[in-house]
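Here's the structure, in structure tokens; my notes come after.
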Amino acid sequence: MRRDRAVACLGLCLLAAPVSAEAVVSLGVEGATLDLPPAALAEIEISESGGITDVFLRLMPRAAEDLARLSADAAGRTMTLSVCGATLMEAVVRDRIGSGTVYLAGTTMIRAEAMRALWHGRARCDTLGPEVFENGQ
Numbered sequence: 248m249r250r251d252r253a254v255a256c257l258g259l260c261l262l263a264a265p266v267s268a269e270a271v272v273s274l275g276v277e278g279a280t281l282d283l284p285p286a287a288l289a290e291i292e293i294s295e296s297g298g299i300t301d302v303f304l305r306l307m308p309r310a311a312e313d314l315a316r317l318s319a320d321a322a323g324r325t326m327t328l329s330v331c332g333a334t335l336m337e338a339v340v341r342d343r344i345g346s347g348t349v350y351l352a353g354t355t356m357i358r359a360e361a362m363r364a365l366w367h368g369r370a371r372c373d374t375l376g377p378e379v380f381e382n383g384q
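Basically my numbering = 1-based index in the sequence shown + 247.
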């Protein structure tokens, strides 16, 4: 392949991928943290009914393996889920999380759409106002 075509292909691939490499989602259990950049998320599924919004974060295979390792010895301990440094959920780990899916229950559509914008690279943690994640919006 000619060099100019290779550069163009690389450019198109980069445009199709999430832009930021910074961690936007963090999962933590007693000092151990799994930081997930947008590229670690395969899909964000949003489900809304009657003003209650649930979010399913489906992880890429390597991130799913990392989550399984993090949760393997965490039964009975509290795991926190943070987005852009703001804790959105705390839940007790019941068993190893091997599905590669993280479920965020009972959030808001504003938060869910902000997470999707972070994933797609349309927003960054430093461009979203603190009211989105920190102040219960």
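All residues carry an ideal CB built from backbone N, CA and C; glycine is no exception.
Given the structure is predicted, the values throughout are model-derived calculations rather than measurements.
Exposure of residue i, with buried meaning 16 or more beta-carbon neighbours within 10 Å
i	result
Ala322	exposed
Pro308	exposed
Phe380	buried
Leu262	Legend: pLDDT at Leu262 = 34, less than 50; position of this residue unreliable, value from coordinates given subsequently. Leu262 is exposed by the Cβ-count criterion.
Ser227	No answer is possible for residue 227: it lies beyond the span of the chain, which begins at 248 and ends at 384.
Ser329	buried
Ala390	The structure shown does not extend to residue 390, since the chain is modelled only from 248 to 384, so the question has no answer here.
Pair within 9 Å by beta-carbon distance, residue i and residue j
i	j	result
Val272	Val340	no
Cys372	Gly345	no
Ala364	Arg343	no
Met326	Val276	yes
Ala289	Gly347	yes
Gly353	Thr300	yes
Limits of the beta strand (DSSP E) - the one that residue i falls within
i	result
Val349	Thr348 to Thr354
Glu292	Leu288 to Ser296
Thr327	Thr325 to Val330
Ala279	Ala279 to Leu283
Opening and closing residue of the alpha helix (DSSP H) in which residue i lies
i	result
Glu312	Pro308 to Ala319
Val340	Premise fails: Val340 is in no alpha helix (DSSP H) and is neither H nor E.
Val379	Pro377 to Phe380
Would you call the segment 354-371 and the segment 306-324 in contact, with 3 or more CB pairs under 8 Å? In this structure the segment 354-371 does not touch the segment 306-324; the number of beta carbon pairs closer than 8 Å is below three.
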